[in-house]
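Below is one structure, written out as structure tokens; comments come after it.
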Amino acid sequence: MGKKIQNYDVVVIGGGITGAGVARDCAMRGLRVVLLEAFDITHGATGRNHGLMHSGARYVMSDPENAKECIRENRILRRIARHCVEETDGLFVSLPDDDLDYQRRFIKACLKAGISAEELAPDEALAIESSVNPKLIGAVRVPDAAIDPFRLTIANVLDAQMHGATVLTNHRVTGILVESGTVAGVEAESKDGKFTFLAPVVVNAAGAWCQQIASLAGVTINMFPARGALLIFGHRVNHMVINRCRKPSNGDILVPDDIVCVLGTTSNRVPIEEIDNTCVTAQEVDLLLQEGVKLVPSLERTRILRAYAGVRPLVALGEDDSGRNISRGIVLFDHKERDGLDGFITITGGKIMTYRLMAQKATDLVCRKLGVTAVCATATRPLPGSEPVAEPDDDEEVENTMSFAHRAALGRHGTRVEMISEDKPEQRALVCECEHVSHGEVNYAIKELKADSMEKLRRRTRLGMGTCQGKMCACRAASLFSQADGDVERHVSDLKMFLNERWKGIRPIAWGSALSEAQLSAMTYQSLCGIDRINYSSPTDSDKQ
Ligand SMILES: Cc1cc2nc3c(=O)[nH]c(=O)nc-3n(C[C@H](O)[C@H](O)[C@H](O)COP(=O)(O)OP(=O)(O)OC[C@H]3O[C@@H](n4cnc5c(N)ncnc54)[C@H](O)[C@@H]3O)c2cc1C
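Per our numbering, the sequence shown starts with residue 26, numbered consecutively.
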């Protein structure tokens, strides 16, 4: 038994978008819920993907049911998660090597699935999206959009907490308690020791790690972890999401993301023992660039900011685990029916796009097990930050009175921007120039969003994610953390770790201007700040992403 024992109705394992969605739905239905995450919210695939809010068009040829789910959820997220979505629309572009007959069948399949698909002549497509290859032979406009997975997940976590949920980061589940064929709770560890969380229902929402969590309960799930690499470019070259109109392949989607854009992706099965390895190889970078430049030629001349990879939590359904029956749809296991173990549920597969529906299905099952009749309200209740606001009399006047940083924060936090104080001049001072993060916003993230490390601050505000990759802002943010709690030693170690993490993503693309920038960054911190000469010990509870 662990050191401290706490009682809940349901334990949710995993702080990705799936676990956050389940925690929100359970809490909204009145259940006492605790969410346990080994590192930080969005540490897994949720913080390592494309950020494409699918219309469903990408799946319409291979999996029309999945496509229909996407378009339904696409419409819901535009309503409930307004501040996480940029309504860009998407273009499916055919190049001279592609088949216009595929495009015709694609349009037909989209319309059948309820996805609007407008055929555009090449010059019409170029007029609305000038970055696409001018040699295109056809294009189709669909209701794709860009979604910020960090914002979306944090908003779900916030809402769960506002409905009474307990959310614990840096808490790794190490055991599942089973008594007489029924799950009774979990054991977890954090830097403060060992804990026992008792609950009649445990939800395994651990993404690619679902297999390990299931094995703690003595049941077998064969995950099919599919790794994908992506590249971030230093500025945004496209207004719309750009897809290649062909059978999905490598490097055929470019998604605008705030002030940058993201090219991806690859897809390779990796052994389960390697799912923590998110280093990108030179071959992956070459492959992405080779394909991406065909779609958007200016990428060849655009600085790459960094490379990263994530692991898709797909499940090998069927007996042989050959991967032939892989589903990209939602996988919900009631382990009582599947394995004779009551009180244990696994929810995985799917994608960010369908997270809310995944959470609804999992929570419906939790409620059935607990005899709770409350119904799901997540499709209609806006997330914190996306509540409707009264239209101001004069939009322009309101916008003009806002500082630059406040406008950027409005995009990131929606209506909660009101909680960011701008009263004093120092609160308006910029900490991160690339992303316009003010001192006031950093304070808000520390106090309200539980950002107690540089990585947590980055995920909640985008600090360090812009063009300078932390060169100018990281030491300022570390100083603010130190001022907030006086623990200089911890924050210097945290700063070193943050810079090392930034370097991991720069290393695979370190040539030309990216290498010059990296050298300038190293000189700033090593020579000017003398960070290597400060001999504080490294923290033990590392936040490794
Ligand atoms: C390259 C790539 C591109 C993608 N692009 C898109 C896209 O454009 N649009 C889209 O809709 N979807 C996309 N996806 C899919 C999407 O990212 C995933 O389906 C989704 O993020 C999975 O979320 P999750 O919460 O289930 O898993 P994860 O986000 O992986 O979360 C699982 C969490 O469980 C935690 N955990 C693991 N073990 C333990 C433990 N013992 N104790 C406590 N916590 C634990 C992990 O730390 C992790 O945070 C993409 C995926 C990849 C890899």
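We put the CB at the ideal spot given by N, CA and C, even for glycine. Quick caveat: nothing in here was measured; it's all calculated off a predicted structure.
As assigned by DSSP and simplified to three states, the class of residue i
| i | result |
| --- | --- |
| tyrosine 33 | coil |
| asparagine 158 | coil |
| asparagine 229 | strand |
| arginine 437 | helix |
| isoleucine 238 | helix |
| cysteine 457 | strand |
| isoleucine 5 | Since the first residue of the chain shown is 26 and the last is 570, residue 5 is not available in this structure. |
| glutamate 412 | coil |
| isoleucine 559 | coil |
| isoleucine 165 | For the sequence presented, residue 165 should be read as valine rather than isoleucine. The answer is strand: DSSP assigns valine 165 an E or B state. |
| isoleucine 172 | strand |
| alanine 213 | strand |
| glutamate 112 | coil |
| leucine 223 | strand |
| valine 208 | strand |
| leucine 145 | strand |
| leucine 20 | Any question about residue 20 goes unanswered here, given that the chain covers just 26 to 570. |
| valine 182 | helix |
| valine 397 | coil |
| valine 391 | helix |
| valine 513 | helix |
Euclidean distance between Cα positions of residue i and residue j
| i | j | result |
| --- | --- | --- |
| proline 338 | threonine 426 | 45 Å |
| isoleucine 556 | glutamate 458 | 22 Å |
| phenylalanine 258 | arginine 328 | 6 Å |
| alanine 402 | isoleucine 445 | 29 Å |
| alanine 341 | threonine 290 | 21 Å |
| asparagine 247 | valine 356 | 12 Å |
| lysine 93 | valine 228 | 26 Å |
| threonine 437 | arginine 176 | The identity of residue 437 in the sequence shown is arginine, whereas the question assumes threonine. Answer to the nearest angstrom: the Cα atoms are 7 Å apart. |
| valine 262 | leucine 288 | 11 Å |
| serine 156 | valine 165 | 15 Å |
| alanine 242 | arginine 49 | 24 Å |
| serine 215 | lysine 29 | 12 Å |
| arginine 558 | glycine 76 | 39 Å |
| serine 478 | glycine 511 | 14 Å |
| leucine 255 | isoleucine 534 | 11 Å |
| alanine 404 | histidine 108 | 16 Å |
| methionine 390 | aspartate 359 | It should be noted that the sequence gives leucine, not methionine, for residue 390. Between leucine 390 and aspartate 359, the C-alpha separation is close to 8 Å. |
| glutamine 572 | aspartate 277 | Because residue 572 is not part of the residues shown, which for the chain are 26 to 570, the question remains open. |
| proline 121 | leucine 488 | 41 Å |
| arginine 331 | alanine 470 | 24 Å |
Among the options, nearest to residue i - alpha-carbon criterion
| i | options | result |
| --- | --- | --- |
| phenylalanine 369 | Ala63, Arg527, Ala171 and Ala230 | Ala230 |
| alanine 434 | Asp311, Ser411 and Glu460 | Glu460 |
| alanine 476 | Phe506, Cys500 and Gly491 | Phe506 |
| methionine 490 | Ala185, His516 and Ile531 | Ile531 |
| proline 250 | Gly72, Val295, Asn99 and Met479 | Val295 |
| glycine 232 | Arg73, Pro168 and Gly55 | Arg73 |
| leucine 279 | Arg487, Arg83 and Lys496 | Arg83 |
| alanine 547 | Leu524, Gly375 and Cys51 | Leu524 |
| glycine 61 | Met53, Thr43 and Pro413 | The question names glycine, but residue 61 is leucine in the sequence shown. The option with the nearest alpha carbon to leucine 61 is Thr43. |
| asparagine 91 | Glu466, Ala543 and Ile377 | Ile377 |
| methionine 497 | Tyr469, Ile267 and Tyr550 | Tyr550 |
| glycine 81 | Phe131, Gln236, Leu540 and Ser292 | Phe131 |
| isoleucine 124 | Ser87, Cys270 and Met265 | At residue 124 the sequence reads aspartate, which differs from the isoleucine that was named. Out of Ser87, Cys270 and Met265, Cys270 has the C-alpha closest to the C-alpha of aspartate 124. |
| glycine 55 | Val35, Thr71, Ala63 and Gly40 | Val35 |
| asparagine 181 | Arg104, His264, Val266 and Pro407 | Pro407 |
| methionine 78 | Gly335, Ile101 and Thr492 | Ile101 |
Burial state of residue i (16 or more Cβ within 10 Å)
| i | result |
| --- | --- |
| aspartate 448 | exposed |
| aspartate 301 | exposed |
| lysine 137 | exposed |
| valine 58 | buried |
| isoleucine 38 | buried |
| serine 463 | buried |
| asparagine 32 | exposed |
| threonine 306 | exposed |
| arginine 363 | exposed |
| arginine 393 | exposed |
| leucine 553 | exposed |
| histidine 588 | Since the first residue of the chain shown is 26 and the last is 570, residue 588 is not available in this structure. |
Interface flag, residue i vs chain C, CB-CB below 8 Å
| i | result |
| --- | --- |
| isoleucine 445 | Structure shown: chain C not included; a single protein chain is present. |
### Query
Can you give, in chain order, each stretch of the beta strand (DSSP E) that sits fully within the region 247–318 and has at least 3 residues?
With a minimum length of 3 residues, the continuous beta strand (DSSP E) runs that stay inside the region 247–318 are 248–258, 266–269, 278–282 and 285–289.
### Query
Which runs of the beta strand (DSSP E) fall wholly inside the region 320–386 and span at least 3 residues, in chain order?
Under the rule that a run must span 3 or more residues, the beta strand (DSSP E) segments found entirely inside the region 320–386 read 329–340, 355–359 and 369–374.
### Task
Can you check the region 518–555 for any alpha helix (DSSP H) of at least 4 residues that lies completely inside it and give the ranges in chain order?
Listed in chain order, they are 537–548.
### Task
Go through the region 34–104 residue by residue and report every complete run of the beta strand (DSSP E) that reaches 3 residues or more, in order.
Listed in chain order, they are 35–38 and 58–61.
### Message
As an exercise, report each continuous alpha helix (DSSP H) stretch of at least 4 residues that is fully enclosed by the region 443–510, in chain order.
### Response
Whole alpha helix (DSSP H) segments, 4+ residues: 450–453, 464–473, 479–486 and 499–510.
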